[in-house]
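Protein sequence lines correspond, in order, to chains A and B. 204 is the number that my numbering gives to position 210 of the first sequence; each next residue is one higher, with no gaps. 279 is the number that my numbering gives to position 285 of the second sequence; each next residue is one higher, with no gaps. Structure first, then comments.
Protein chains: 2
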Amino acid sequence: MSDLIEPKVLKGFRDSLPQKEIAKKEVEAILEKVFTSFGFVPLDTPVLEYAEILLGKGGGETDKQVYRFFDHGNRDVALRFDLTVPFARFIATHESELYFPFKRYHIAKVYRGENTQRGRYREFTQCDFDIVGSDTVSSDLEILLVMESSFKALGIEDLTFRFSHRGVFSYFLSKLDISNKTVEILRLVDKLPKIGGEAVKEQLSGLTDPEKAEKILTFISREENNERTLEKLQDLSGGSNPALDRLRDICRLLSAGLSRSAFILDPSITRGLDYYTGIVYETFLRDLPGIGSVCSGGRYDNLASLYTKTRIPGVGSSIGLDRLLAALEELGKIGCKPSNTDLMILCLEEELTGYYHSLAGKLREKGISVEVFPEKRKIAGQFSFAEKKGIPFCLICGSAEKESGKVNLRRLSTRENFDSLSLEQAVEILTQGQPPKA
Amino acid sequence: MSDLIEPKVLKGFRDSLPQKEIAKKEVEAILEKVFTSFGFVPLDTPVLEYAEILLGKGGGETDKQVYRFFDHGNRDVALRFDLTVPFARFIATHESELYFPFKRYHIAKVYRGENTQRGRYREFTQCDFDIVGSDTVSSDLEILLVMESSFKALGIEDLTFRFSHRGVFSYFLSKLDISNKTVEILRLVDKLPKIGGEAVKEQLSGLTDPEKAEKILTFISREENNERTLEKLQDLSGGSNPALDRLRDICRLLSAGLSRSAFILDPSITRGLDYYTGIVYETFLRDLPGIGSVCSGGRYDNLASLYTKTRIPGVGSSIGLDRLLAALEELGKIGCKPSNTDLMILCLEEELTGYYHSLAGKLREKGISVEVFPEKRKIAGQFSFAEKKGIPFCLICGSAEKESGKVNLRRLSTRENFDSLSLEQAVEILTQGQPPKA
Chain A
-5 MSDLIEPKVL
5 KGFRDSLPQK
15 EIAKKEVEAI
25 LEKVFTSFGF
35 VPLDTPVLEY
45 AEILLGKGGG
55 ETDKQVYRFF
65 DHGNRDVALR
75 FDLTVPFARF
85 IATHESELYF
95 PFKRYHIAKV
105 YRGENTQRGR
115 YREFTQCDFD
125 IVGSDTVSSD
135 LEILLVMESS
145 FKALGIEDLT
155 FRFSHRGVFS
165 YFLSKLDISN
175 KTVEILRLVD
185 KLPKIGGEAV
195 KEQLSGLTDP
205 EKAEKILTFI
215 SREENNERTL
225 EKLQDLSGGS
235 NPALDRLRDI
245 CRLLSAGLSR
255 SAFILDPSIT
265 RGLDYYTGIV
275 YETFLRDLPG
285 IGSVCSGGRY
295 DNLASLYTKT
305 RIPGVGSSIG
315 LDRLLAALEE
325 LGKIGCKPSN
335 TDLMILCLEE
345 ELTGYYHSLA
355 GKLREKGISV
365 EVFPEKRKIA
375 GQFSFAEKKG
385 IPFCLICGSA
395 EKESGKVNLR
405 RLSTRENFDS
415 LSLEQAVEIL
425 TQGQPPKA
Chain B
-5 MSDLIEPKVL
5 KGFRDSLPQK
15 EIAKKEVEAI
25 LEKVFTSFGF
35 VPLDTPVLEY
45 AEILLGKGGG
55 ETDKQVYRFF
65 DHGNRDVALR
75 FDLTVPFARF
85 IATHESELYF
95 PFKRYHIAKV
105 YRGENTQRGR
115 YREFTQCDFD
125 IVGSDTVSSD
135 LEILLVMESS
145 FKALGIEDLT
155 FRFSHRGVFS
165 YFLSKLDISN
175 KTVEILRLVD
185 KLPKIGGEAV
195 KEQLSGLTDP
205 EKAEKILTFI
215 SREENNERTL
225 EKLQDLSGGS
235 NPALDRLRDI
245 CRLLSAGLSR
255 SAFILDPSIT
265 RGLDYYTGIV
275 YETFLRDLPG
285 IGSVCSGGRY
295 DNLASLYTKT
305 RIPGVGSSIG
315 LDRLLAALEE
325 LGKIGCKPSN
335 TDLMILCLEE
345 ELTGYYHSLA
355 GKLREKGISV
365 EVFPEKRKIA
375 GQFSFAEKKG
385 IPFCLICGSA
395 EKESGKVNLR
405 RLSTRENFDS
415 LSLEQAVEIL
425 TQGQPPKA
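Below is the structure:
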């Protein structure tokens, strides 16, 4: 009988309710402040791009994950599935307008038609920060410092930053004469946290031989400190090389008092099949090891090679904001405020509507967020409404109070009433959470 | 020969370069602060929804403007083309979790395959704020107050808010016995600013008769003040009615000292064929009349009727953020800063990389945004880089300065040098823009 349309959202998509959106905006603001303090600038690119731009000329492989269609002009288009590819295209498009090294951050939604059974979403927010146009230890280091500052600003200090260098791994595989199996080996090493050392060793043995498998496992294990790990890497990869030198420089700078965080050289970090060529990073929360890395990245040789002949090296890292928010919630680091309103003015008499709004205006000038309840309802109902919205105070004012220029306040959490206050006294209570000195 | 992909964006889509994105974020932050101060909360909905949700069950009409396709699961989906329809769906989906009246704002991108020749974009940002669940003069008024506060916070005070009431217009047409031609008449009245009074009158005459056309033109013209306009509307629409009462209440509240802005009752404001049923609003900048309304909206009877049987009235307004940004730029109200960085630390010696980063860390703790130039280049080139990025100060420090714990500053705009400063003295200059007192 009903002609109603069921108000459902697509599988893998979600609404963000106010209390989640408030928390998300707070986290974004904290991160943006950190990025800005390091000289990173924001930019934005279209959600929709030519499919060829996003997928490359061949571009069939990732197809299943990509929202791709033909638009009205019969253009082959797709929704961005990450922020790196659009950034590469952006750099090529605006090469002549930008100054390098160029440092940008980008917090935006991306789209992947992933299997939702693994708890993945099809629309999610990424937060990327990159330095392009400089292949230096300074930039490699700076990304780590931004990562550290970001988590510190969010109130998370109990975490470890793990890093390694893809180049060192390449030298090592080359020394073992198994460079031709790099892809398979990387894939197996990447499985280590999931399937464990024994299983990896067995599969590596099948791929190479037991002796080499043993060596690979020795290579990717950590020693008791970064210096020892460096020594081992040097031994196993056949002496010094530029990649190892870079890694040594980074370790030296990190240990020179720049930071007190746990930066661990961990050769098992390879970032799997990603396009990284230099340093690679991952970040783990000590209290939530199960959620995996919350901020990962690395150095790439040539960002925009699909679109320009200019070689543009870069280094950067990315935070999965949804996963981070879930983690912050689990750690109790973000609140669940359904609103940021400080005060609600009750509607006792609809004739006083103008007066209520003028009181609200005066209080807003003092930096107080004020909601005016718009219609007359039972007072108990209005109190309960304010309580459900997490508003700490109500202002109660009828004709008599208006006459005398006074207001009454009620703190909902304690049911305390503060009667016959001047507006100044009310401001005092509202801004300090304290009753005025008698 | 080249296998490069041309790095072009789709027609009607744009990149947002840092200086534009910085300005946009500043404007958004200002607006969000205003909305929050009135008790509005943020929310977000998916960019992609079921086509049926966005277009209704029939839903073929707007097709050409809507990005619609079949996803991997063969679902008929579309990109949102405004923020109102997803909000209606959101309200129906979460009806039981929300408390009414519910006040939300939403700043997000929407998509329309419009003709780009008219200077329209296919991806643009809307900023909506609505109060739903209360059909009161208080809510009608509050939206106007939020509009006023928003533009004031953006530094624009020379503007007029024009409003009217669709219901009064209906009573009037009913009195003239031409209610059956409402749609055509609204369409013509909406053309007034474009084609002028004479043309509208001629077409109205054809549609009705010359006498009625004359009356319609009299109805939609303004008198010298809101009171006179109200009187005229009452005469022409056959005495008092609830719509006129609401309009009178709003005028009375606005003139009671709540605000000093120009709120003009202008019966020619009808918002064309939109779904409004009560008050309607438009906003014009006095210095830029040509760009049309920068913030428009109104009251609707029943927001979510497609999805739920609950009647949910609402009132709200919407800012086209791209048009507003263009206007602010033209009015010189927003800067064109290519970065928010306060200081760049030059790289004189790559061996000092760690020291540069530690200096930067100390300065950031003082609230200063610091960029560390990551590699050794000619000093003139580094200065020029900082200048192009709009960074006001450079810090120059070599081994000798490091030894003595001193730094040198240079203010790029004036070429002033401040030599041999302690870090505290440098902070003093950087935070006040003034040299330290000798």
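All C-beta atoms in this analysis are idealised placements derived from N, C-alpha and C, irrespective of residue type, glycine included. Source: prediction; values computed, not measured.
For L48 (chain A), the first and last residue of its enclosing alpha helix (DSSP H) = A45 to L49
Continuous beta strand (DSSP E) assignments of at least 3 residues falling wholly in the stretch 381 to 421 of chain A | 387 to 390, 401 to 405 and 410 to 415
What's the gap between the Cα of D129 (chain A) and the Cα of G308 (chain A)?
-> 7 Å
Quick one: does D152 (chain B) have its CB under 7 Å from some CB of chain A?
-> Proximity of D152 (chain B) to chain A, defined by a Cβ-Cβ separation below 7 Å, is not satisfied.
So what does T78 (chain A) bridge to, in DSSP terms?
-> Answer is none; T78 (chain A) lacks a bridge partner.
Simplified DSSP assignment, three categories, for I306 (chain A) | Secondary structure at I306 (chain A): coil, using DSSP grouped into helix, strand and coil.
In chain order, what residues of the same chain have a beta carbon less than 6 Å from the beta carbon of E22 (chain A), not counting five sequence neighbours either side?
-> Only I101 meet the Cβ criterion.
Which residue from B:K383, B:R404, B:S414 and B:F387 puts its Cα closest to that of E397 (chain B)?
-> B:S414
Nearest-angstrom Cα separation, counted from L42 (chain B) out to D65 (chain A) | 15 Å
Inter-residue CB distance, S158 (chain A) and P283 (chain A) (contact presumed, cutoff 8 Å) | With 8 Å as the limit, S158 (chain A) and P283 (chain A) do not qualify as a contact, their Cβ atoms being about 18 Å apart.
In the stretch 361 to 373 of chain B, which residues sit with their C-beta less than 7 Å from some C-beta in chain A, listed in chain order?
-> S363, V364, E365, V366, P368 and E369
Any idea if K5 (chain A) is buried or exposed, counting beta-carbon neighbours within 10 angstroms, 16 or more meaning buried?
-> In summary, K5 (chain A) is exposed, with fewer than 16 beta-carbon neighbours lying within 10 Å of its beta-carbon over all protein chains present.
Proximal chain A residues relative to K103 (chain B), where beta-carbon distance stays under 7 Å | V41
Minimum Cβ-Cβ distance from I(-1) (chain A) to chain B less than 7 Å | yes
Of all the beta strand (DSSP E) runs that stay within the bounds of the stretch 220 to 284 of chain B, which reach a length of 3 or more residues?
-> 256 to 259 and 273 to 279
Residue range of the unbroken beta strand (DSSP E) whose run includes G161 (chain A) | Unbroken run through G161 (chain A) is the alpha helix (DSSP H), R160 to K169; no beta strand (DSSP E).
For the candidate residues A:G272, A:G292, A:E151 and A:G314, whose alpha-carbon lies nearest to that of I285 (chain A)?
-> A:G314
Find the residues of chain B that neighbour R216 (chain A), judging by a C-beta separation of less than 7 Å, and give them in chain order.
-> Within 7 Å Cβ-Cβ: nothing; R216 (chain A) doesn't reach chain B, min ~23 Å.
Amino acids of chain B, ordered along the chain, whose beta-carbon sits closer than 8 Å to that of D9 (chain A) | L37, D38, T39, P40, F84, T87 and H88
Exposure label - I385 (chain B); buried when at least 16 CB within 10 Å = Buried is the call here.
Flag this pair as touching only if the stretch 145 to 157 of chain B and the stretch 102 to 115 of chain B have three or more C-beta atom pairs under 8 Å; answer yes or no.
-> no
CB-CB length for L353 (chain B) against A321 (chain B), believed under 8 Å | Going by Cβ atoms, the distance from L353 (chain B) to A321 (chain B) rounds to 41 Å, so no, they are not a contact pair.
Among residues of its own chain, excluding the 5 on either side of I373 (chain A), which ones have a beta-carbon nearer than 7 Å to its beta-carbon?
-> L340
Are the beta-carbon atoms of G127 (chain B) and T335 (chain A) separated by less than 7 Å?
-> no
What did DSSP end up calling R371 (chain A) once you bin it into helix, strand or coil?
-> coil
What are the boundary residues of the beta strand (DSSP E) that includes V41 (chain A)?
-> Counting along the chain, V41 (chain A) falls outside any beta strand (DSSP E), and DSSP gives it neither H nor E.
From B:R240, B:I(-1), B:G50 and B:A82, pick the residue whose C-alpha is nearest to that of A436 (chain B); which is it?
-> This structure cannot settle anything about residue 436 (chain B), because the visible part of chain B is limited to -5 through 432.
Please confirm if the stretch 226 to 237 of chain A is in contact with the stretch 159 to 169 of chain A, defined as three or more CB-CB distances below 8 Å between the two stretches.
-> Yes, the stretch 226 to 237 of chain A touches the stretch 159 to 169 of chain A.
Residues near L48 (chain B) in its chain [Cβ-Cβ closer than 6 Å; skip 5 each side] = A72 and V79
Can you tell me whether I189 (chain A) is buried or exposed, with buried defined as 16 or more other CB within 10 angstroms of its CB?
-> exposed
Quick one: measure Cβ to Cβ for Y105 (chain A) and F63 (chain A), integer angstroms, because I've assumed they're closer than 8 Å.
-> So it is not a contact: roughly 12 Å between Cβ atoms.
Between the C-alpha atoms of V3 (chain A) and I16 (chain A), what's the straight-line distance to the nearest angstrom?
-> Cα to Cα, the separation comes out at about 21 Å.
Applying a beta-carbon distance threshold of less than 8 Å, which residues of chain B neighbour P12 (chain A)?
-> V35, P36, L37 and R98
Specify the secondary structure class of F157 (chain B) as computed by DSSP and reduced to three states.
-> strand
What does G291 (chain B) reach in chain A if we use C-beta pairs closer than 8 Å?
-> The premise fails here: G291 (chain B) is roughly 16 Å from chain A at the closest Cβ pair, so nothing lies under 8 Å.
Near T87 (chain B), which residues of its chain fall below 8 Å by C-beta distance, leaving aside the five closest residues on each side in sequence?
-> Contacts found: Y301.
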